[in-house]
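Written out below as structure tokens is the structure these notes cover.
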Amino acid sequence: IYVEPKGLYLLEAMACGVPVVQPRHGAFIEMLEKTSGGLLVEPDNPGSLADGLYKMWKYPAMRVELGEKGFEAVRQHYSIGHSADRMLEVYRKATSSCCPTCRSRLRLAMPPRSWGRLAAARARCSIFSVRSSHRPREQ
Numbered sequence: 001i002y003v004e005p006k007g008l009y010l011l012e013a014m015a016c017g018v019p020v021v022q023p024r025h026g027a028f029i030e031m032l033e034k035t036s037g038g039l040l041v042e043p044d045n046p047g048s049l050a051d052g053l054y055k056m057w058k059y060p061a062m063r064v065e066l067g068e069k070g071f072e073a074v075r076q077h078y079s080i081g082h083s084a085d086r087m088l089e090v091y092r093k094a095t096s097s098c099c100p101t102c103r104s105r106l107r108l109a110m111p112p113r114s115w116g117r118l119a120a121a122r123a124r125c126s127i128f129s130v131r132s133s134h135r136p137r138e139q
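Taken in order, the sequence shown gives residues 1 to 139; the numbers are from this note's numbering.
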């Protein structure tokens, strides 16, 4: 059985306000616990998947609520800006706590002057700070 390791399509769906139903395995568990944008069902169990889909169909208020939660949480936890901030923090920690040889190698990989350019680009770029007026529509 193929197990999807990343689940990018989940983030894409939730970013559009679409709630998801996914098996409880791999990255899905963490993503759905962090976003509350859908339901987790038992893996390799068609009946459990059918129950999850049925709940989405039967309870429109729950479907809308899960869609809205996923919409907001994807922007909060999985935005490019959030990822860039985390990456910069990793580089800062790595270059401040290792030996001079490692620091010089890390600086060659991403010199500190690049950090300033990345931060400036982040401040200018609308992609980094999505302030969309779009809200999920009721389904």
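Yeah, the Cβ is synthetic: ideal placement off N, Cα and C, and Gly gets one too.
Cβ neighbour criterion (16 or more within 10 Å) applied to residue i
i     : result
Ala15 : buried
Tyr91 : buried
Expected contact under 8 Å - CB spacing of residue i and residue j to nearest Å
i     : j     : result
Gly47 : Val20 : Between Val20 and Gly47 the Cβ distance is about 18 Å, and since that is not below 8 Å, they are no contact.
Lys34 : His82 : Not really, about 12 Å apart at Cβ, beyond 8 Å.
Contacts around residue i, its chain only, beta-carbon distance under 6 Å, and the 5 residues preceding and following it disregarded
i    : result
Gly7 : Ala27, Phe28 and Met31
Where the beta strand (DSSP E) through residue i begins and ends
i      : result
Val41  : Gly38 to Val41
Val155 : Residue 155 lies beyond the stretch modelled for the chain, which goes from 1 to 139, so this question has no answer here.
Nearest residue (CA-CA) to residue i, options the options
i     : options                       : result
Leu53 : Glu89, Lys93, Pro23 and Ala84 : Pro23
Gly17 : Gly70, Asp85, Ser96 and Leu49 : Gly70
Pro43 : Ser79, Glu65, Glu4 and Ile80  : Glu4
Sequence-distant residues of the same chain with beta carbon closer than 8 Å to residue i, five excluded per side
i     : result
Val74 : Leu11, Met14, Ala15, Thr35 and Gly37
Val41 : Val21, Gln22, Pro23, Arg24, Ser48, Leu49, Asp51 and Gly52
Terminal residues of the alpha helix (DSSP H) in which residue i lies
i     : result
Asp44 : Neither: Asp44 is in no alpha helix (DSSP H) and is coded neither H nor E.
Pro60 : Pro60 to His77
Glu12 : Leu8 to Ala15
Glu33 : Ala27 to Thr35
Neighbourhood of residue i by C-beta distance below 7 Å, restricted to the same chain and skipping five residues each side
i     : result
Lys58 : none
Ser96 : none
Tyr9  : none
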